[in-house]
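Here is the structure we will look at, set down as structure tokens.
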Amino acid sequence: MALAMSCITPRHTVEINSFVLMYNGKEILGKDKGLTAFIFENNQRKMPFAQFLANKYSIGSYTDVSYWVTVDGHRLKVFLYENAELEKYFDISQFMVSNVETDANIVGSTAKFLAMSVINENNEDCLADDSLYKNITIQYLEALKDEYNKS
1 MALAMSCITP RHTVEINSFV LMYNGKEILG KDKGLTAFIF ENNQRKMPFA
51 QFLANKYSIG SYTDVSYWVT VDGHRLKVFL YENAELEKYF DISQFMVSNV
101 ETDANIVGST AKFLAMSVIN ENNEDCLADD SLYKNITIQY LEALKDEYNK
151 S
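Under this note's numbering, read the sequence shown as residues 1 to 151, first letter to last.
As structure tokens, then:
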């Protein structure tokens, strides 16, 4: 009698409690490096996040979502990554989903994670480590995420 054994190396995954910042995301004109992305877990029981943003900021489109917003007197442009872009720029398989939903409970998007990047009027990455806008941008994005989850 032969006994077959195989070894599977456990894969390390990270749970996103609130958000995580990832580098080298969307590319913008005039910059060598991609933008930093604010990534958080999608609440699949809610309307699609793109629809939430379109309604909140009167964008009018659920695809290729971007909009200008004023935060603490600074004009910033926010970009929402579509799921294909998120997978293109980042290895999201390294993240663990903490709230797994059954198909019957999914109301909105089936995307497991959402990502946003932000620039200022000079095309500077507002989430970069050396950005003067980093703290106010994170506060804005966290408040936006919380508002979405409570809606």
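Glycine included, C-beta positions come from ideal geometry on N, C-alpha and C.
Inter-residue CB distance, Y148 and F79 (contact presumed, cutoff 8 Å): So it is not a contact: roughly 16 Å between Cβ atoms.
Cβ pair count under 8 Å reaching 3, the stretch 23 to 35 against the stretch 43 to 62: Output reads no: the stretch 43 to 62 does not touch the stretch 23 to 35.
Just mark S117 as buried or exposed, buried being the case when its beta carbon has 16 or more other beta carbons within 10 Å. The residue in question, S117, is buried, as its Cβ has 16 or more Cβ neighbours within 10 Å.
Beta carbon of N83 nearer than 8 Å to that of A111: A contact, by the Cβ cut-off of 8 Å.
In three-state DSSP terms, what is I119? Three-state DSSP puts I119 in a strand.
Per DSSP, I39 is paired with what? Answer by DSSP bridge pairing, in chain order: V20, A115.
Pairwise C-alpha distance: K46 and S18: In a straight line, the C-alpha of S18 is about 17 Å away from that of K46.
I think A37 touches Y81, with their Cβ atoms under 8 Å apart; what is that distance to the nearest whole Å? Under the criterion of beta carbons closer than 8 Å, A37 and Y81 qualify as touching, at roughly 7 Å.
Please look up how many angstroms separate the CB atoms of I39 and K77, rounded, as I've assumed it's under 8 Å. The Cβ separation is near 18 Å, so there is no contact.
Backbone secondary structure at Y57 - three-state DSSP: Helix, per DSSP.
For the beta strand (DSSP E) that contains T70, what are its first and last residues? For T70, the enclosing beta strand (DSSP E) starts and ends at 66 to 71.
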